[in-house]
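Numbering (the UniProt record's numbering), first residue to last: 1 to 188.
Single-structure report; data block below.
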Amino acid sequence: VITRAECRARNEPLRRMVADSVGDGLVSLISFAGISVPSRARFVAQSVAATAFSSMTLGLVCGQIGAVSPIGPLVPYLLGSWVGFSWGCIGFWKRAKMQTMICARRYPKILAHALLVHHNIEVPREVVDASHRQEVEGKEVLEHWICNGGLGRLSFAILAVQDCKEDVDEMRRDERQKIMDEERETSQ
């Protein structure tokens, strides 16, 4: 846990103290203890937390509505839980895929390296180069290479994003710090 003083010293907003998504807090706590959490375990923990929350929330709401109706609370609770679980799974998958595409667009070399090191999947050099230089037209970029490779390639790319998350977060903090420094210089 980062204290307020440490956040101020690093010029990070206080909202950085709050976990970015469901399950990140537990992963951060485990990582703070010095235990390495594999990307698959992180993905499972976050998906279980997200789906359990949406399932319970929608199930309880539907159960309460059913309690004042003639059918009773049980069947509406079960149906609401089922719909909530499905909704949570689909939403979690969409968010994970979106994060992967953003990482592939902004940090293609880091993601390609994570795919190679952690999952033994080699991204063609021309794909990484075309992704890094966005002015290249007609060449396949990493985003398209991942999507065109089927569900297996997408799944491993999602796990690779989990593997390189700390590195990407560090780069984002550095980018933010650079912007803040430039703003301070222009305002003086």
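All residues carry an ideal CB built from backbone N, CA and C; glycine is no exception.
Item to check | Where residue 9 sits in the DSSP three-state scheme | outcome: For residue 9, the predicted model reports a pLDDT of 49, less than 50, meaning its position is unreliable and no value from the coordinates is stated.
Next on the checklist: Suppose only complete runs of 4+ residues qualify. What are the alpha helix (DSSP H) ranges in the stretch 52 to 120, listed by chain order?
Outcome noted: Uninterrupted alpha helix (DSSP H) stretches at least 4 residues long and entirely within the stretch 52 to 120 occur at 74 to 106, 108 to 119, given in chain order.
Checklist entry - Does the distance from the C-beta atom of residue 158 to that of residue 104 stay below 8 Å? => result Judged by their CB atoms, residue 158 and residue 104 are not nearer to each other than the 8 Å cut-off.
Checklist entry - If we call anything under 8 Å between Cβ atoms a contact, is residue 163 one with residue 132? => result no
Checklist entry - In the structure shown, what three-state DSSP assignment does residue 36 receive? => result coil
Item to check | Reduced DSSP secondary structure (H/G/I, E/B, other) of residue 149 | outcome: coil
Next on the checklist: Check this for me: beta carbons of residue 55 and residue 91, under 8 Å apart or not?
Outcome noted: no
Item to check | Residues of its chain near residue 183, where Cβ-Cβ distance is below 6 Å and the 5 sequence neighbours each way are ignored | outcome: none
Next on the checklist: If you measure between the beta carbons of residue 161 and residue 100, is that distance less than 8 Å?
Outcome noted: yes
Item to check | Exposure label - residue 186; buried when at least 16 CB within 10 Å | outcome: exposed
Next on the checklist: In whole angstroms, give me the CA-to-CA distance for residue 127 and residue 77.
Outcome noted: 49 Å
Checklist entry - Given a threshold of 16 other Cβ atoms within 10 Å of its Cβ, counted over all protein chains shown, does residue 50 qualify as buried or as exposed? => result buried
Next on the checklist: Quick check on residue 69: buried or exposed, where buried means 16 or more other Cβ atoms within 10 Å of its Cβ?
Outcome noted: exposed
Item to check | Span separating the alpha-carbon of residue 80 from that of residue 89 | outcome: 14 Å
Item to check | Opening and closing residue of the alpha helix (DSSP H) in which residue 201 lies | outcome: One cannot answer for residue 201 here, as it falls past the ends of the chain, which runs 1 to 188.
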